[in-house]
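All remarks here apply to the structure that follows.
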Amino acid sequence: MTSLGLTPYFNVTIILRIAMRILSILVGFIVTLQMGFGQSVIKSKHDLSSNNDGVTQWQSTDEKQVCIFCHTPHSPTTTILPLWNKSQPSNTVFSAYSSPTMEGVPNSDLSGSYSLLCLSCHDGSTPMDALLNPSEIGKPHMAGGYTRLGDVYYPGSPFAQFPGANIGEGYGGSAGTNLTNDHPVNIVYDASHPGVMKGKLFDPESKSSGLGGTVTVKMLFENKVECPSCHDPHNPTIVPFLRLSTSNGTLCIACHNK
Ligand code: HEC
Ligand code: HEC
Ligand code: HEC
Ligand code: HEC
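This is the structure we're talking about:
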């Protein structure tokens with residue numbers, strides 16, 4: 001009698017426990033999968049390969065390599081790190097943001113700067129398929145024949161989800177060199193910056209970035225604020241490719257004492 005009364009109870013408990021266990025394994029698996037994909041340039045909006053699953057419409061129809069659109073293992077652009085595989089914008093001088101309260105002066109000639117790497121696509125006009133060292137297939141073909149960000153992101157375009165994606169504001173092949181409405185880049189930021197002396201900015205050499213090192217080590221490039229100070233071109237986890245979240249001002253107060 002007792003066993004008859006208990007059996008269904010045990011069965012239900014055991015079935016529930018097994019179900020919970022399977023569920024937790026599944027959830028763990030899915031979370032790991034998402035983290036694995038989320039942290040990678042593969043199948044992010046910076047994956048321009050033919051295998052990118054349509055994450056971005058700037059997709060090659062024949063080039064399967066991912067890194068090749070930006071890097072090459074041999075004979076890169078000599079003037080620019082890191083093993084860069086792309087032609088640079090023809091004009092390297094961009095008009096920079098300025099204001100009466102700015103303490104430092106950004107260098108508007110971006111030659112050799114890490115920001116010029118980004119602008120070799122994000123000026124809107126420099127072709128994305130112009131690689132120094134293409135693979136064995138030769139120059140990659142791009143879907144729809146769109147080779148420049150400005151072919152799609154022009155003002156009034158029906159495709160323009162992010163009309164500001166051309167940071168340099170070039171369209172349809174004409175060079176855009178306007179950075180006046182963008183956060184200053186190519187600007188030296190070290191302990192001797194007048195903003196640091198006045199306490200407006202943290203000292204980047206001692207301030208923790210929250211990324212496992214000081215601001216200088218984790219966010220600056222040759223002691224300068226550049227596009228990749230705020231963006232990590234390989235990691236789409238914090239949209240849009242941000243190194244730190246903008247919630248609660250986290251990204252901004254890594255540097256600004258506000
Ligand atoms: C859309 C352009 C782009 C693509 C695609 C890309 N990278 Fe990068 N990569 C950059 C830029 C820009 C930098 C310099 C800024 C930085 O370090 O964040 C960089 C820096 C690097 C560095 C040196 C700094 C570091 O973070 O270690 C390595 C190594 C690297 N990339 C490897 C790769 C590999 C491997 C791939 C392909 C799986 C790849 N990248 C794909 C743009 C790209
Ligand atoms: C890696 C460090 C760093 C990060 C991160 C950063 N900034 Fe800046 N920011 C600077 C530096 C350096 C300047 C130049 C300040 C100067 O020379 O007076 C600057 C300038 C500015 C200015 C212009 C100040 C003026 O006087 O006109 C504003 C506004 C600003 N930042 C806002 C932001 C916001 C908002 C964020 C977050 C989305 C942010 N910054 C993230 C370093 C940073
Ligand atoms: C090889 C060309 C190329 C280079 C180099 C490149 N990008 Fe991009 N970027 C793209 C394309 C293509 C997109 C996708 C646009 C779309 O689908 O909306 C994109 C999208 C983005 C986005 C928007 C992401 C989103 O989630 O909507 C950001 C932010 C961005 N890039 C920043 C950068 C920065 C910063 C650098 C340099 C460190 C850089 N990019 C270098 C081609 C490039
Ligand atoms: C001070 C930090 C900072 C710097 C420096 C910075 N960005 Fe951004 N960027 C952001 C943030 C934050 C957003 C998201 C804005 C939003 O959500 O409205 C963004 C958005 C973008 C976007 C997508 C939206 C749009 O307007 O098209 C692109 C592309 C982009 N940045 C490229 C660049 C490039 C190229 C540079 C260098 C010339 C650069 N960023 C420098 C913080 C920065």
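Going letter by letter, the sequence shown gives residues 1 to 258 in the numbering used here.
Cβ coordinates follow ideal geometry from the N, Cα and C atoms, glycine included.
Being a predicted model, the structure only gives us computed values, none of them experimental.
- Any heavy atom of ligand 3 counts here; residues with a Cβ closer than 7 Å to one of them, in chain order, are K45, H46, L48, T56, Q57, W58, F69, C70, K86, Y114, L117, C118, S120, C121, H122, M128, L149, Q161, F162, A165, C227, P228, H231, P233, P236, V239, P240 and F241.
- Runs of the alpha helix (DSSP H) lying entirely within the region 154-225 and spanning at least 4 residues, in chain order: 194-197 and 215-219.
- Contact between the region 161-180 and the region 89-96 is present: three or more C-beta pairs spanning the two stretches fall below 8 Å.
- Distance check between G156 and each of Y171, I68 and T147 places Y171 closest, using alpha-carbon atoms only.
- Distances from the CB of T101 to the heavy atoms of ligand 2 include at least one below 7 Å.
- Look at A254: its beta carbon is less than 7 Å from one of the heavy atoms in ligand 2.
- A Cβ-Cβ separation of about 15 Å leaves G173 out of contact with H122 under the 8 Å criterion.
- When Cβ pairs closer than 8 Å are counted between the two stretches, the region 62-69 is seen not to touch the region 144-154, the count staying below three.
- Each residue's CA atom was taken as its position, placing W58 and C118 some 15 Å apart.
- In the displayed model, A254 falls within a helix according to three-state DSSP.
- Remark: the shortest separation between the CB of V215 and any heavy atom of ligand 2 falls under 7 Å.
- By the beta-carbon neighbour count (other beta carbons within 10 angstroms, threshold 16), V239 is exposed.
- With contact defined as three or more Cβ pairs closer than 8 Å, the region 228-237 and the region 38-49 are in contact.
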